[in-house]
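Protein chains in written order, with our numbering: chain H, 9 to 145; chain W, 76 to 1485. For each residue, glycine too, the CB sits at the ideal point set by N, CA and C.
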Amino acid sequence: MSGSFYFVIVGHHDHPVFEMEFLPAGKPESKDHHHHLNQFLAHAALDHIDENMWLSDNMYLKTVDKFNEWLVSAFVTAEHMRCIILHETRKKKNFFTGFYDLYRKFAMNPFYEAISPIPSNAFDRKVQFLGKKHLLS
Amino acid sequence: MAQCVQSVQELIPDSFVPCVAALCSDEAERLTRLNHLSFAELLKPFSRLTSEVHMRDPNNQLHIIKNLKIAVSNIITQPPQPGAIRKLLNDVVSGSQPAEGLVANVITAGDYDLNISATTPWFESYRETFLQSMPASDHEFLNHYLACMLVASSSEAEPVEQFSKLSQEQHRIQHNSDYSYPKWFIPNTLKYYVLLHDVSAGDEQRAESIYEEMKQKYGTQGCYLLKINSRTSNRASDEQIPDPWSQYLQKNSIQNQESYEDGPCTITSNKNSDSNLLSLDGLDNEVKDGLPNNFRAHPLQLDSSSDASNSIDGPDHVKSASSLHETKKANTGIIHGACLTLTDHDRIRQFIQEFTFRGLLPHIEKTIRQLNDQLISRKGLSRSLFSATKKWFSGSKVPEKSINELKNTSGLLYPPEAPELQIRKMADLCFLVQHYDLAYSCYHTAKKDFLNDQAMLYAAGALEMAAVSAFLQPGAPRPYPAHYMDTAIQTYRDICKNMVLAERCVLLSAEILKSQSKYSEAAALLIRLTSEDSDLRSALLLEQAAHCFINMKSPMVRKYAFHMILAGHRFSKAGQKKHALRCYCQAMQVYKGKGWSLAEDHINFTIGRQSYTLRQLDNAVSAFRHILINESKQSAAQQGAFLREYLYVYKNVSQLSPDGPLPQLPLPYINSSATRVFFGHDRRPADGEKQAATHVSLDQEYDSESSQQWRELEEQVVAVVNRGVVPSNFYPTQYCLSSYSDNSRFPLAVVEEPITVEVAFRNPLKVPLLLTDLSLLWKFQPKDTSGKDNEEVKELARLKLFPHHIGELHILGVVYNLGTIQGCMTVDGIGSLPGCHTGKHSLSMSVRGRQDLEIQGPRLNNTKEEKTSIKYGPDRRLDPIITEEMPLLEVFFIHFPTGLLCGEIRKAYVEFVNVSKSPLTGLKVVSKRPEFFTFGGNTAVLTPLSPSASENCSAYKTVATDSTAVCTALISSASSVDFGIGIGSQPEVIPVPLPDTVLLPGASVQLPMWLRGPDEEGVHEINFLFYYESVKKQPKIRHRILRHTAVICTSRSLNVRATVCRSNSLEDEEGRGGNMLVFVDVENTNTSEAGVKEFHIVQVSSSSKHWKFQKSVNLSENKDAKLASREKGKFCFKAIRCKEKEVATQSSEKYTFADIIFGNEQIISSASPCADFFYRSLSSELKKPQAQPSVHTEKQSLEDAVRLIQKCSEVDLNIVVLWKAYVVEDSKQLILEGQHHVILRTIGKEAFSCPQKQEPPEMELLKFFRPENTTVPLRPSVEQLSNLIKTSLHYPESFNHPFHQKSLCLVPVTLLLSNCSKADVDVIVDLRHKTTSPEALEIHGSFTWLGQTQYKLQLKSQEIHSLQLKACFVHTGVYNLGTPRVFAKLSDQVTVFETSQQNSMPALIIINNV
């Protein structure tokens, strides 16, 4: 994984709504990088998130799960969209806060059917920017 | 953890049982071998006691032992090899598979419904085998031999001798330092002497006597006479004896069993077995001392490169599995215990009972007592002091280090008889005889000692057993000390590096936690022990962990799935393909259809690959299919790999069943609804000057507007053919069926005409797909004769069928080879589909398969039922009906221009060819623009000149004239009927004048065709629809059509405007008011880009039913009427009414043509093509909607009046301006000809040759109120009224009067009043000056009218009345005589419409004085 991050929003029926990987600048993607592992780990963490989100009043759930050196941080929105980051170090609160601002605005869009995949390029770009700002820097 | 057959309370005591060695003489061994069993195996099924046993503990308390089991085994002097154990475990696991058809439990958790088998028998078998095959170690005594059975046979020569030999042998094994293995519990091992007696062969007497001898020597408690083999083996089949051995032997000691059959493989004798086994099952036996979960390689790696060869090309695993299967089969053939009767079974059971009661337990009891005594004697010493002194005296071996620093050692090692171990021994003994209270306290004490000594291995062992015995204590006085277990596991694993012991600890602990429903702790424990050193163990533990997750109170489904994946991965690494497949399949239930596409792809890929290696090809195919058909997020390289693998598997499947139906291929996607079907031949390209009709082809894009146009055209022509009515069963002919066309009916195709099917493929992958040998699949139901169709592949995506017989055809799908292109990843994946046919790509792999074409029709939405449900109509575009032969027309255009000047006339030729075998007739052409072309009228000379001969001739029919007769018109007349106008209401439908109305097969006809450039400049697309029928009537196809779209670009030429006005002169021969002047303005608007030098107006013709040109007035000096660029010319013509009688005799459709010639030859305007185009433009003009005022019945009379008044300003005069243009093109002068038409309807109103561009109406505000119905009373306009009466004054232009003689000058003036209307008109003429302005007075004041100043007259229709007036002048000068004011009104109307008739121009008179 080496400094990269994987971010995913999971809908109510465990469908991924939005996925993005953040790779540190300048580092080429390593050959034995396995994208599917990200999905496996994020998906497996859902059980813990579902458990933890009722135990806390915070949206940000901190680290909920770990597998080997990977940590899984989660953030649950008001409508129970589960946002997950796979990472190796550091807390991810700032990213989540920034992201939530963005997501709220997006979800308000009357043309966006809630909990459906987000196909927006603009959203993509903005998340990418947030990632660069909070995760990779 | 999954459900187990044994409860934990049964499992643990069964896992730790007293061990007894067996040492047999050769002869004894031979006796048992008769049953295909060793002595130890013989006893195995009977080694559990059926009754309770009592024992006294050191405190003399009675202790009850239930279900005690002992383990008897042959002495093996080598410790079991780890490799052999591994192999054994591997076989046990692979041998245990879920039962076929096992009904799985359905677990519902949240959204998920999962089918999960609750039991995992392979895990239980593994655990049992694992615990049994634990090698004895020094730090614990649980599986050390407590006793030894010495077995000899009664048939031996010297049995007693033999016993002492065996005894010595046992002593040697235990006490000689050559043998470090097996381990013995205490130095003074219990020896139990067993005399085997073969009942069927041996001498009973002798045995008894020997037994008596033994009893005397060893005591009754120390020996036993066991009688076996009561049955001779040859009558084996007579009675059914249960085989209690099979369940013990077959399951887990295949290898052991086999070792007896073929010597070299025995575990004891063959040290090389390790390496052999390694190579056999391909296990990675290298023990890595890494931390668990610290994967060097990724756990879920798709190592396609290395694995591909392994799994697909090298069926090693399959081979090993099958060989295993064979040995298993061989084993099942052996009947165990063939010589034993049920009595023998009872005897053996009795023997074990006896041995345990009389021999083993008293021995254990005694030993415990001894150990207890030793401990009590040592109790006097303070434990702390004891250990303290030890610390001082042996400082070197007791370092005060923390646990972590003792990484590389397991702490100190005690000598076998060290006093510290005595308490452990006692604890183990107590544990073995189920005295858990005592065992716990002993373990607890021992644990403290070992910890104090930093003897970590020993401490861990004590901790482990302390925890277990605490758990097993009856009545559970204390909670299960899980932390003991945790410490023990950690110590075993991290400090002692002994994974086997750690594993045992985990297995026990997890089972205990499970029994307490502490699933999450159990899962954590299990997961923690997964490591790199054993894939099999990791896999099993992960699977159990997964089961823990699903068994939790709130099931953790996703964790379950993830750990199943991990387990599956490990299983596959361990070579357990079936288990791996099962795990992945179970996990798949959770991931399926949730959109985690990468994860799903990974699972599908693994399932596919494992299924393939297990020869479950159908599953493999469907799994791979899933990867490819879903929108993949994989990289191109990955997709390529998937595709290759898929094709490989598919190929294998198809090779297995070469005669089976072709498989359905998932790739590429076929967009069924985009399938297009085209009936008919392809369009021929332009052949020299011949230009084929564009017709319909697959290359044309669908355009709803144009298709609607074509449909209307066809309807028109069909209506004309059917006398104005479109038949109810009429459907427009469709040559190209697509998703836009109406496909609800079976399309009709004609035999011997090809059917082209265009299939739209889409490649969803990023890698190119190679399709070869593409062909159509079809089914044909012949109608009367049986026959086969020809099939031919034309293009990659366009396929042609050629029906040879009539009947019903069904196109089912496509068949093709699907392959990949190797090593050309640079090719853009999408779009490189067709055209890869060059053949330079090496075909790596390709499979033949099919895809069906199924087209869903449009959704129905007519009835209520259809609206509320979702129903689709049929789509029959792929099911054509082949009908009988029909004529087939081809049309070619010769000399067809692409560019014309507006109004230009050009002669072209059309060739009609019948290319079919049946004659055609009823040829018609229909176009929205009939004014564009003509085939000539009926009067035209139908001698089709060959196109080349007529190249340089004029398009017109001309007659040479002498130039003297220039000014007067040449009159001719023609009827519009001759030119095909006015027959029906459909001027658009034009019959083609075929010479004998039938075009025979193979015949061709060339007809002249005149074209006239449309009046608007720009590009015009003109659609022609040719209609034709077969000579013999066909029930299915009544007619056929051919389409052509001509594209003509027109450029500006002339602009003609004309006005007509009444002539003031009375120089009419007939003396009637019917003269008019026509002013024609011709402007050259050509911008001379096309090299047009100048236009010559060669002739102006009039054409009307009532009027004709009489002569040209005021002919300008330039006789040729040349017009250079942007030049304007003016012409004036005098028109008169045709003679009345002439008009009467002619039919109303008869037009009179009058030509005024400016050149030296007359163009006969009443002949083709001039008249054709004139009539066509006329009819298209008529077609334009006239703004009719709304009719109000109550004002009928008023209406009539207005109409009358309007009528008198109407005129129907049409002007044809014929011109020649001199054009320089490629330094060659060409003369182009053309004509413009102006239609004059109203006097005084300008008319134009080309429609004036209308300003687009301004945007109006939308009004949201109803406009009030304001009916303005209809009144004729002043202008119209003023045309009722035409006035003219006749007087001398200048009048000489001698004023000096006579001061008053009287001039006679005639006022002519002519009634233009057809009704009587009352006229009032008022001569009184009514001018109000003083200046006017000044000017006109000097003259006055004399005599009657007001006249009242009534004029009949068309009547001319003259009034003689006298004007009186007193001065010389110029006077305007036009002062009389004329009022007119229709005589039958009472009050209305009195209005002044204005004099159009001033009437000036000059009065001179003489």
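Q) Considering only the beta carbon of each residue, do G1011 (chain W) and P1089 (chain W) sit closer than 8 Å? A) no
**Q.** Assigned exposure category for R798 (chain W) - 16 Cβ within 10 Å defines buried
**A.** exposed
Q: Pick helix, strand or coil for Y947 (chain W), following the three-state DSSP scheme.
A: strand
Q: Give a yes or no on whether the C-beta atoms belonging to A585 (chain W) and L601 (chain W) are separated by under 8 Å.
A: yes
Q: Residues of the segment 180-191 of chain W with a CB closer than 7 Å to any CB of chain H: list them in chain order, please.
A: D186
Q. Where do the N-terminal and C-terminal ends of the alpha helix (DSSP H) with T418 (chain W) fall, by residue?
A. 417-429
Q: Using a Cβ-Cβ cut-off of less than 7 Å, give me the residues of the segment 49-73 of chain H that come near chain W, in sequence order.
A: H51, A52, L54, D55
(Q) Beta-carbon within less than 7 Å of S1047 (chain W)'s beta-carbon, same chain only, minus the 5 sequence neighbours each way: which residues are those? (A) F1228, I1239, S1241
Q: Name, please, each residue of chain W whose Cβ falls closer than 9 Å to the Cβ of P24 (chain H).
A: K669, G670, W671, S672
Q: Count the other C-beta atoms from every protein chain shown that fall within 10 angstroms of the C-beta of N66 (chain H), then say buried if there are 16 or more, exposed otherwise.
A: exposed
Q: List the endpoints of the continuous alpha helix (DSSP H) containing H44 (chain H).
A: 43-60
Q | Partner residues on chain H for K634 (chain W), Cβ-Cβ distance less than 7 Å | A | A52, D55
Q) Are three or more beta carbon pairs between the segment 684-695 of chain W and the segment 808-823 of chain W nearer than 8 Å? A) no
Q) At a cut of 8 Å, does the segment 616-635 of chain W reach the segment 141-156 of chain W through at least three beta carbon pairs? A) no
**Q.** At least 3 beta-carbon pairs within less than 8 Å: the segment 784-797 of chain W vs the segment 844-855 of chain W
**A.** no
**Q.** Cutoff 8 Å: F546 (chain W) Cβ touching any chain H Cβ
**A.** no
(Q) Below 7 Å on C-beta distance, what does I640 (chain W) contact in chain H? (A) F48
**Q.** Cβ shell of Q84 (chain W) (< 6 Å), same chain only, five flanking positions each side left out
**A.** none
Q | For Y256 (chain W) and Q153 (chain W), the rounded distance between their alpha carbons | A | 6 Å
Q: Measuring only between beta-carbons, confirm whether H21 (chain H) sits less than 8 Å from chain W.
A: yes
**Q.** 9 Å Cβ cut-off: residues of chain H touching H644 (chain W)
**A.** Residues of chain H passing the Cβ test: none, with the nearest at roughly 10 Å.
(Q) What does the Cβ neighbour count give for C1124 (chain W), buried or exposed, with the cut at 16 atoms within 10 Å? (A) exposed
Q: To the nearest angstrom, report how far apart S321 (chain W) and M61 (chain H) are at their CA atoms.
A: 54 Å
Q: Show which residues of chain W have a CB atom less than 7 Å away from the CB atom of H43 (chain H).
A: L673
Q | Alpha-carbon to alpha-carbon, Q926 (chain W) and P933 (chain W) | A | 22 Å
**Q.** Residue range of the alpha helix (DSSP H) that includes F260 (chain W)
**A.** Taken as a continuous stretch (DSSP letters only), F260 (chain W) belongs to no alpha helix (DSSP H), as it is neither H nor E.
**Q.** Helix, strand or coil at L840 (chain W) [DSSP, three-state]
**A.** coil
Q: Report the residue from W:R873, W:D1247, W:I881, W:V1299 whose alpha carbon sits nearest the alpha carbon of A749 (chain W).
A: W:R873
**Q.** Reference Q664 (chain W); option with closest CA among W:A636, W:L588, W:N527
**A.** W:A636
(Q) Less than 7 Å between C-beta atoms, sequence neighbours within five positions excluded: which residues of the same chain meet that for Q428 (chain W)? (A) L124
Q: Could you list the residues in the segment 717-728 of chain W with a C-beta less than 8 Å from some C-beta on chain H, going in chain order?
A: none
Q. Quick one, are the C-beta atoms of P173 (chain W) and R657 (chain W) less than 8 Å apart?
A. yes
Q.
According to DSSP, is K134 (chain H) part of a helix, a strand, or is it coil?
A. helix
Q. Counting only beta-carbon atoms, is F987 (chain W) nearer than 8 Å to chain H?
A. no
Q) Can you find at least 3 beta carbon pairs, one from the segment 253-270 of chain W and one from the segment 187-204 of chain W, that sit closer than 8 Å? A) no
Q: Kindly list the residues whose CB is nearer than 6 Å to the CB of E215 (chain W), restricted to its own chain and excluding five residues on each side of it in sequence; keep chain order.
A: G536
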